[in-house]
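Take 246 as the starting number for the sequence shown in my numbering and just add one per residue. Every residue gets a Cβ at the ideal spot worked out from N, C-alpha and C, and that includes glycine. This report concerns only the one structure given below.
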Amino acid sequence: MVQTAQSIPDQNPLVRFGVSENAKLSLIPTLVDENDYDTIEALRSELLAANGPIEHLKERYAQNPNVPQAGLFGRLTSKYDDELSKDPKDINYTVLYARGSRFYAARRRASQQIASGEWPELDADENEAIDAICDLHGPMIMASAAGRKLVEDAHQYEVPPDVYEEDQKTIEEFSQVIAAETELVEPETAEAYRELTAKTEGDPQPARSRGLGIAATGSALTVIVGGAAWYSAGGVLATFIVPATALGAAGLVGGFFWEAIKTMPRFKKATSAVGDQFEKALDQADKHAATKESALLKGMADLVERNLPLFEKVTELRPEFSWAKQFLVRKKPDQNENGALPKELKPSKHIVLMGPRGSGKSTIGKLLAERLGVGIVDFEYQITKRLEDNPHAFRERAGETRYAEVARSTLFELLAEAPGIIEFDLTLHDHEAILEPLKNKAAVVFLSLDRDLGPDLLPSDLRGIKYFSINVSNANKPEDTEEKIVRALVKRDDIFFPFGP
246 MVQTAQSIPD
256 QNPLVRFGVS
266 ENAKLSLIPT
276 LVDENDYDTI
286 EALRSELLAA
296 NGPIEHLKER
306 YAQNPNVPQA
316 GLFGRLTSKY
326 DDELSKDPKD
336 INYTVLYARG
346 SRFYAARRRA
356 SQQIASGEWP
366 ELDADENEAI
376 DAICDLHGPM
386 IMASAAGRKL
396 VEDAHQYEVP
406 PDVYEEDQKT
416 IEEFSQVIAA
426 ETELVEPETA
436 EAYRELTAKT
446 EGDPQPARSR
456 GLGIAATGSA
466 LTVIVGGAAW
476 YSAGGVLATF
486 IVPATALGAA
496 GLVGGFFWEA
506 IKTMPRFKKA
516 TSAVGDQFEK
526 ALDQADKHAA
536 TKESALLKGM
546 ADLVERNLPL
556 FEKVTELRPE
566 FSWAKQFLVR
576 KKPDQNENGA
586 LPKELKPSKH
596 IVLMGPRGSG
606 KSTIGKLLAE
616 RLGVGIVDFE
626 YQITKRLEDN
636 PHAFRERAGE
646 TRYAEVARST
656 LFELLAEAPG
666 IIEFDLTLHD
676 HEAILEPLKN
686 KAAVVFLSLD
696 RDLGPDLLPS
706 DLRGIKYFSI
716 NVSNANKPED
726 TEEKIVRALV
736 KRDDIFFPFG
746 P
């Protein structure tokens, strides 16, 4: 895990991701201490003044939404205003740069349309307002440290047109995939990230825009692949390792591990606010917040696993992205019946042990948990804690439907945690609504005492659940059954993480 931390580079200083209060990725302002705020405020005040250029365009296009210029400048003006209206220290100047570049390109396109006779002439006040925004945007960006660095580094990103187009396809494909992850990325950040990476037709400064797109891509790679590697290496907040009474709140959120790793400046710097959010959750002993952070890391790992070829393609864009390759190597465990298995296996999803009483769920579950280095939880025990009542008695008193609601909610919470072992009594939880979440989020193993009973005990309308039926009646000892389970799971390539060291 130390090796993992040391292998993750810092995010690009132009584009940095943090974690929002919703435990989602969010863009944060960069290089804010080096900005010339006097100049920025003077230019900003002129742009945002009452009856100033931005207000004039917004009012004009709101009153005349059907003119062609409204379709081109209307949304651009509003989005530019959204960012510029923030407190100067909260403005993301890379996002503002991207929106300003689109404004420049829009002015050029409008001029071409007017010259061709496709559009009517701009109103004098409208034309003056557009020119004012373009004229003031440049000096304001240069008053920001991010803008100056973007201009300074632009020469590094000058490439032939064919290389630019090929790279741009990969950058935009990657951007679309990341931005579409609504459970991982805040909506405002998703939109801004698309803007930072999208090609601008008629861009007056393509090298700068390419540099910005690569910066955004590199930071996303650092946070997402870094988070996935961290998760697969065991840096997770496993909330069900032991009962709360044994360790207290800090133990519940994996504090024993985070204390050892949070002192590493390189990792903390690389993950920026991600690490700060984890530490905040621990300091407050806030189990709920820590659970959300754990779910974020798990979501990153799932995202990488689903899009492994694309992530591998992104690592080829720039030499500085090659660090991620070591974490994107899919391991190929030995598929032979008696071949040696990898020494370290980290499950990417929960392993649910079903079976009747006497099938050895608890004993085998503990062996699996120890071997895989994960936690183990008894589903019935979790429901008992939630209800403060015997599940059987509650089910009789409240009815099947109400019990299913409680059990389903409990199961969803467990499945949002770091992958581990879940003991599951099928005779008590054979309701369709309870079992349905297991279809995509778990590997189900049925421990059968009779070779012929396993498949028949699963409801016929839930055959979509992926499960293995293991006959335990002929096993000489629990260790034999545990070995059979691991070998069965290894044969499926979606149970264990495909990441390298």
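Contact check between the stretch 405-424 and the stretch 366-382: fewer than three CB pairs, one atom from each, fall below 8 Å, which does not count as touching. Per DSSP, Ala474 has no beta bridge partner at all. Phe262: member of the beta strand (DSSP E) spanning Arg261 to Val264, first to last residue. Between Ala474 and Phe556, the C-beta spacing is not below 8 Å.
Going by C-alpha positions, Leu288 is about 59 Å away from Val622. According to the DSSP assignment, Ala287 belongs to no beta strand (DSSP E) but to the alpha helix (DSSP H) extending over Tyr282 to Leu293. Relative to the Cα of Ile459, the nearest Cα in the group Val430, Gly472 and Glu418 belongs to Glu418. Per DSSP, the beta-bridge partners of Ile715 are Leu692. For Glu668, there is no enclosing alpha helix (DSSP H); the enclosing beta strand (DSSP E) has its first and last residue at Ile666 to Phe669. Residue range Leu270 to Ile273 is occupied by the beta strand (DSSP E) that includes Ser271.
Straight across, the Cα-Cα distance linking His400 with Gly456 is about 9 Å. In this chain, the alpha helix (DSSP H) harbouring Ile375 covers Ala369 to Met387. Fewer than three Cβ pairs drawn from the stretch 682-692 and the stretch 634-645 lie within less than 8 Å of each other, which leaves the two stretches out of contact. Across the set Gln358, Ser346 and Pro384, the C-alpha of Ser346 shows the shortest separation from the C-alpha of Ala452. Taken through DSSP and simplified to helix, strand or coil, Val408 comes out as helix. For His301, the enclosing alpha helix (DSSP H) stretches over residues Pro298 to Gln308.
Counting other Cβ atoms within 10 Å of its Cβ, Phe639 reaches 16 or more and is therefore classed as buried. Beta-bridge pairing by DSSP links Leu598 to Glu668 and Val690. Excluding sequence positions up to five before and after Gly544, its CB lies within less than 8 Å of the CB of Glu426, Glu428 and Leu429, all in the same chain and listed in chain order. Apart from the 5 residues on each side of it in sequence, Leu590 sits with its Cβ closer than 8 Å to the Cβ of Pro578, Arg616, Leu617, Val731, Val735 and Phe741 in its chain, given in chain order.
Straight across, the Cα-Cα distance linking Ile416 with Arg631 is about 46 Å. For the pair Leu272 and Thr467, the CB atoms are not nearer than the 8 Å cut-off. No Cβ-Cβ contact shorter than 8 Å links Leu441 with Ile378.
Apart from sequence neighbours up to five positions away, the residues of its chain that approach Ser567 with a beta-carbon distance below 7 Å are Thr560, ordered along the chain. In the DSSP assignment, Ile628 falls within the alpha helix (DSSP H) that extends over Phe624 to Leu632. For the pair Pro723 and Gly603, the CB atoms are not nearer than the 8 Å cut-off. The beta carbon of Ser389 sits closer than 6 Å to the beta carbons of Asn280 and Tyr338 from its chain, once the five residues preceding and following it are set aside; these are given in chain order. Listed in chain order, the non-local C-beta contacts of Gln450 below 8 Å within the same chain comprise Ser346 and Ala399, local neighbours out to five positions each way being set aside.
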